[in-house]
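2 protein chains.
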Amino acid sequence: MRIAVIGVGLIGGSVALAAKERLGATLTGFDSSPAALSAALRIGALDSGADSIAAAVADAEAAFVAVPVGALPDVVGAALEAAADDCVVTDVGSTKRAVVAACADQRFVGGHPLAGAETAGVEHARGDLFDGATWYLTPTANTSGMLYERLHRMLHGLGAHPAAIDAETHDTILATVSHLPHVLANVLVSEAANMLAAEGERLPATGPSFRDATRVAGASSTIWTDIYLSNRDPLAAEIDAVIERLSVVQAALRAGDAETIAAWNDAAAADRRRLLEAQLAGGPVFELRASVPNRPGVIAELALELGRAGVNITDMALYPAADLSEGVVALWIAGAEPARRAQALVAKLGFPVARA
Amino acid sequence: MRIAVIGVGLIGGSVALAAKERLGATLTGFDSSPAALSAALRIGALDSGADSIAAAVADAEAAFVAVPVGALPDVVGAALEAAADDCVVTDVGSTKRAVVAACADQRFVGGHPLAGAETAGVEHARGDLFDGATWYLTPTANTSGMLYERLHRMLHGLGAHPAAIDAETHDTILATVSHLPHVLANVLVSEAANMLAAEGERLPATGPSFRDATRVAGASSTIWTDIYLSNRDPLAAEIDAVIERLSVVQAALRAGDAETIAAWNDAAAADRRRLLEAQLAGGPVFELRASVPNRPGVIAELALELGRAGVNITDMALYPAADLSEGVVALWIAGAEPARRAQALVAKLGFPVARA
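Protein chains in written order, with my numbering: chain E, 133 to 488; chain U, 133 to 488.
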């Protein structure tokens, strides 16, 4: 398999390493920084460097665009222009609405791996970066089912758990579970640095809770300015919600209201448990087989419907009929109850479906 | 050495295990919960269980009080009442003003180890919990130098780095670096749970930034309600500061002001670097020897003065003269520059001091 990576930083480099190591793929890369490209070649993430986006994606069966969010519409557009008809083009950006709206091509599937590290740059790239990580995919009604399935299997091969979601929902959720934590981490380090400076430049040790809460503070501005701005409306709304919640706690503190503080803290404990349990859901894997017409959007519809219902597709495979008029899609679902729900949902979409 | 532990939860149990394993001490414990006491005996943290605070501290050379912050003044008071004249009594509470004000006894030194775990209860106690952890001590002008030194050496023996600080400064700093992160973690999990419920009970995977930011969310209400309330004024003030900072970012987001967002993020990165560098300060250890009069408060004065200047005392030892009228205190300081500063500060306090 030939894979192109456009933008070889931490994520692009890790995609390349994982694809080489685990899929046995041949990797071609491009980066607007010659130094980054050389570094990617030096660490063995790429088999060859290209001198343009077009040269990188020529002959590729899949192209991963891993550039800052603000540059995505242009760079994905350039990749689509040069890519073959059966090349799936995806990106790894942290917000999805803008790029999905700009790139309405059946070969494009927006993507976003929930993985990263404290350190940017290809020299920190790792082939195991995506092990067990959720990798959001944002197919649309335009998306080719064949290409979506290829990408899904590829990501599964990289060690990730692909999960379909629509771009709008993705950005709303990520505002809360990723962009907001980054904002709070920034606020917390700056507040601590400021307070400690006020205490006479004395910077004492901080505890584990502070280190955990601020691990992502001050992440690369090159990457994060774009992310914050591309998702500014949901993020600004989340900041309002946080200010509201902080004001409630603050009022209880000022009133010395132990009962309210304890109830508030217990509610947070319960919320955390719910979130953790949702993460840990799983169990034995069941296989479903559904017959679907071979037209763009079908696989996306199916994946989105299951995604909306909280059903995680562990793996999928598409078996087209000889005349390509229809196909069978196999879905592997973890847990008996989710598998049952998935079967009902697929049936409701009008596709014949059975437990394999 | 005979050590008493009053309150055998995660921290009390870990003190006991570490003291047995590393100091070869004999441990007696008391807990108002018989189940906790049995569990502490079962895991081998205690040599014997006592049926009262008084029985536990009788004959002890050191007593650690590890009960919720709200109960500290009473329990420390009871321990001091029963303890021998040369028994050092300390606590491990997360706020220090209230207990230090309530217990003005020369045998009492307030303490607070910056260590913990996601899990409460003695069954999670570990002898290595304090390895490398800062352990704040809040001596006052009343504090016995002999007993302070004993405690300092003991904590060093448990693997911790003791650091002197006055109770007021401790609580102000901890409001920012510990209690505020806990509040933000609570707010974040509840906001995420709420938002995800609004998205149709679909609870997708969250990324590493969310998990890190919310690790401490919903910590035990039994412990934390007391902590929040005992430090409510500094904490409420910190919440004001956070709301102010959030409002600034929010305005820049709404204005689409990339320059301000990038500058704000860069400032957070610089603040984080400063904080990390302060943590990592260190180097080779230098020994200073100072001659000090043998009266209460001298060691505390010295430790607080160095603490205020950001000098960390890696270890200390006190060698009293035969007539106990004066003594030599040895201080080990990491780093040539801090050692130089420490020497100047000790000299300025009027004590003869030399590099050993």
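We put the beta carbon where it would ideally sit given N, CA and C, even for glycine. This one's a predicted model, so the numbers in the text were calculated from it and none came from an experiment.
Nearest-angstrom Cα separation, counted from residue j out to residue i
{"i": "R239(E)", "j": "V208(E)", "result": "11 Å"}
{"i": "D206(E)", "j": "D344(E)", "result": "36 Å"}
{"i": "Y268(E)", "j": "S310(E)", "result": "13 Å"}
{"i": "R154(E)", "j": "M133(E)", "result": "11 Å"}
{"i": "G439(E)", "j": "A324(E)", "result": "40 Å"}
{"i": "L320(E)", "j": "A190(U)", "result": "45 Å"}
{"i": "D365(E)", "j": "I359(E)", "result": "12 Å"}
{"i": "A462(E)", "j": "R282(E)", "result": "13 Å"}
{"i": "G414(E)", "j": "S184(E)", "result": "The predicted model places G414(E) with a pLDDT of 48, which falls under 50 and marks its position as unreliable; any figure quoted below should be read in that light. Roughly 43 Å between the two C-alpha positions."}
{"i": "G161(U)", "j": "A307(E)", "result": "48 Å"}
{"i": "A234(U)", "j": "G442(U)", "result": "27 Å"}
{"i": "P271(U)", "j": "T392(E)", "result": "34 Å"}
{"i": "N326(U)", "j": "G350(E)", "result": "27 Å"}
{"i": "D237(E)", "j": "N274(E)", "result": "7 Å"}
{"i": "A299(E)", "j": "L477(E)", "result": "21 Å"}
{"i": "L173(E)", "j": "K228(E)", "result": "29 Å"}
{"i": "I297(E)", "j": "T301(U)", "result": "48 Å"}
{"i": "V374(E)", "j": "L385(E)", "result": "16 Å"}
{"i": "L279(E)", "j": "L261(U)", "result": "51 Å"}
{"i": "D447(E)", "j": "I355(U)", "result": "44 Å"}
{"i": "V137(U)", "j": "G176(U)", "result": "13 Å"}
{"i": "S146(E)", "j": "K152(E)", "result": "10 Å"}
{"i": "A329(E)", "j": "A390(U)", "result": "28 Å"}
{"i": "L335(U)", "j": "L407(E)", "result": "Since pLDDT at L335(U) reaches only 49, below the 50 mark, its modelled position is unreliable, and the value read off the structure follows with that caveat. In a straight line, the C-alpha of L335(U) is about 7 Å away from that of L407(E)."}
{"i": "A215(E)", "j": "A402(E)", "result": "49 Å"}
{"i": "V201(U)", "j": "S362(U)", "result": "8 Å"}
{"i": "A167(U)", "j": "L142(U)", "result": "14 Å"}
{"i": "C219(U)", "j": "E255(U)", "result": "28 Å"}
{"i": "R258(E)", "j": "L149(E)", "result": "7 Å"}
{"i": "A111(U)", "j": "E376(E)", "result": "Not covered by the structure: residue 111(U). The range shown for chain U is 133 to 488."}
{"i": "D303(U)", "j": "G243(U)", "result": "12 Å"}
{"i": "A157(U)", "j": "L290(U)", "result": "11 Å"}
{"i": "E469(E)", "j": "H284(E)", "result": "23 Å"}
{"i": "F483(E)", "j": "S352(E)", "result": "46 Å"}
{"i": "E333(E)", "j": "A432(E)", "result": "At E333(E) the pLDDT is 46, less than 50, meaning the model places this residue with poor confidence; the figure from the coordinates comes in the next sentence. About 56 Å."}
Element boundaries [alpha helix (DSSP H), containing residue i]
{"i": "V374(U)", "result": "R364 to R386"}
{"i": "P205(U)", "result": "L204 to A214"}
{"i": "L149(E)", "result": "L142 to L155"}
{"i": "L173(U)", "result": "P166 to R174"}
{"i": "R229(E)", "result": "R229 to A234"}
{"i": "A186(E)", "result": "I185 to V189"}
Residues of its chain near residue i, where Cβ-Cβ distance is below 6 Å and the 5 sequence neighbours each way are ignored
{"i": "Q475(U)", "result": "L420 and V485"}
{"i": "L204(U)", "result": "D223, G225 and V231"}
{"i": "A265(U)", "result": "P245, L246, A247 and A292"}
{"i": "V430(E)", "result": "G277 and V424"}
{"i": "G144(E)", "result": "V137 and A198"}
{"i": "P294(U)", "result": "W267, L269, H284 and L287"}
Unbroken beta strand (DSSP E) run spanning residue i, endpoints
{"i": "G243(U)", "result": "F240 to P245"}
{"i": "I431(U)", "result": "Unbroken run through I431(U) is the alpha helix (DSSP H), V430 to R440; no beta strand (DSSP E)."}
{"i": "E458(U)", "result": "E458 to A466"}
{"i": "A136(U)", "result": "R134 to I138"}
{"i": "V221(E)", "result": "V220 to D223"}
{"i": "V197(U)", "result": "A194 to V197"}
{"i": "T158(E)", "result": "T158 to F162"}
Where residue i meets chain A, residues with beta-carbon distance less than 7 Å
{"i": "G388(U)", "result": "Of the chains in the structure shown, none is chain A; the protein chains are E and U."}
Chain-order list of residues whose beta-carbon lies under 7 Å from that of residue i (same chain, five-residue window excluded)
{"i": "A471(E)", "result": "F418, L420 and I465"}
{"i": "M286(E)", "result": "L155 and A194"}
{"i": "L159(E)", "result": "I135, V137, A148, A151, K152, A177, L178 and D179"}
Close-in-space but distant-in-sequence residues of the same chain around residue i (CB under 8 Å, 5 per side omitted)
{"i": "E213(U)", "result": "A186"}
{"i": "N397(E)", "result": "none"}
{"i": "I371(E)", "result": "L312 and V315"}
{"i": "A479(E)", "result": "V485"}
{"i": "E458(E)", "result": "S423, V424, P425, N426 and P452"}
Bridge-paired residues (DSSP) for residue i
{"i": "I445(E)", "result": "I465(E)"}
{"i": "E419(U)", "result": "W464(U)"}
{"i": "R473(U)", "result": "For R473(U), which the question treats as bridged, DSSP gives no partner whatsoever."}
{"i": "R487(E)", "result": "L420(E)"}
{"i": "T270(E)", "result": "G242(E)"}
{"i": "S353(U)", "result": "Per DSSP, none; premise fails for S353(U)."}
{"i": "P425(U)", "result": "E458(U)"}
{"i": "S180(U)", "result": "T160(U)"}
Any non-hydrogen atom of the ligand NAD within 7 Å of residue i CB
{"i": "L212(U)", "result": "The ligand NAD is not part of this structure, which contains no ligands at all."}
What are the complete beta strand (DSSP E) segments, minimum 3 residues, inside the region 283–351 of chain E? 293–296
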